[in-house]
Every structure is written in structure tokens, then in C-alpha cells.
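Here it is, written out as C-alpha cells:
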């Protein structure tokens, strides 16, 4: 049975995806005390990237913002795989977004807003977080965006 968070996802027309399998030697998420830390989540859908390239070149900022939303959904799936239930999220503490950027692209915060806005829409006040949005030269698999999330749990 889905909890309130997954019901909110459904209300928004979204579904929690399967956890993206690791691409190397790491876990999608780990719990330490009351915190769950996700590994960087790529915008994978059904096991593959729909879009590759640099934001500001091959990928538009609007496309990248949507991809960041997909990353956040994948992060929520990773959190659930460790916490068991997304309703255990007390709050999102920190989001870090990496944007593979063309050399003159400076709109990283707007791209990472895709992840932040999704977390706010799904979790309300619990989704408000600290954040970094970082431009990088390249990401794994030539992904345009990667997002990692740290959440605090209740009842840990």
C-alpha cells in the first residue's frame, strides 16, 4: 500500500520508478543514523538516458530542468529502498545538482530547480532544503544532469 508521499506523486501524475542499478562499485543510497544519503542519480528512465550532452549546447535549459526532476524521482526511489517508506522523511536536508555545462552556460541553478521544485511539490515544507548547483565539464554516460539528495528520517 502506498503512503501519503507516493499518493502525492500519483496526484501529480508521477510514479516512483525502480531504483537505478549502480554503474560502478557503490550503493544507490545508504543510511547513517537518521540520515539517508543518495548516490548521484542520473536521469535514467527504464535503464537508459533519454538525452545526452551539455546543457547550453546539445540540451536546452528547459530540457535539463525536466531531467533534474527525473533525477529527483530516482533519488526518492533510492531513499525508499533504504528507508522502506517515503513517509518516514522528516525533511530533505541537502540537494546537490551537477550540470554538464557548455563553457558559456551559467544557468545551473535554474536547471537544478527541476529537482528542488519536484521535492517541494511532493513533500511540501519537508521538501525545503539547502542546495548547491555546480557546473561541470562532463558527467557519467554524458548525462546532462546528476542529483544527489540527503534526507533526515523520523523513527530511525
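Residue numbers (my numbering): 1 to 156.
Every residue, glycine too, gets a C-beta built ideally from N, C-alpha and C.
Under the DSSP assignment, residue 47 falls outside any alpha helix (DSSP H); it carries neither an H nor an E label. The three-state secondary structure of residue 72, taken from DSSP, is helix. Under the DSSP assignment, residue 143 falls outside any beta strand (DSSP E); it carries neither an H nor an E label. When secondary structure is reduced to three states using DSSP, residue 32 falls in the strand class.
In this structure, the straight-line span from the alpha carbon of residue 94 to that of residue 140 is close to 22 Å.
Counting only residues of its own chain and dropping the five nearest sequence neighbours on each side, residue 88 has a CB closer than 8 Å to the CB of 153, 154, 155 and 156. Proximity of the region 49 to 67 to the region 109 to 125 meets the contact definition, three or more beta-carbon pairs being nearer than 8 Å. The straight-line gap separating the alpha-carbon atoms of residue 82 and residue 42 is approximately 18 Å. Linking residue 117 to residue 150 through their CA atoms gives a straight-line distance of about 16 Å. Rounded to the nearest whole angstrom, the C-alpha separation of residue 39 and residue 131 is 15 Å. For residue 104, the closest of 36, 71, 34 and 136 by C-alpha to C-alpha distance is 136. For the pair residue 144 and residue 34, the CB atoms are not nearer than the 8 Å cut-off. Counting the other Cβ atoms within 10 Å of the Cβ of residue 101 gives 16 or more, which makes it buried. Residue 5 is a Cβ neighbour of residue 86, given a cutoff of 8 Å. Taking residue 107 as the centre and dropping the five residues before and after it, the same chain places the C-beta of 61 closer than 6 Å to its C-beta, in chain order. The residues 29, 36, 38, 86, 89, 149 and 151, in chain order, have a CB closer than 8 Å to that of residue 79 in the same chain once the five nearest residues on each side in sequence are set aside.
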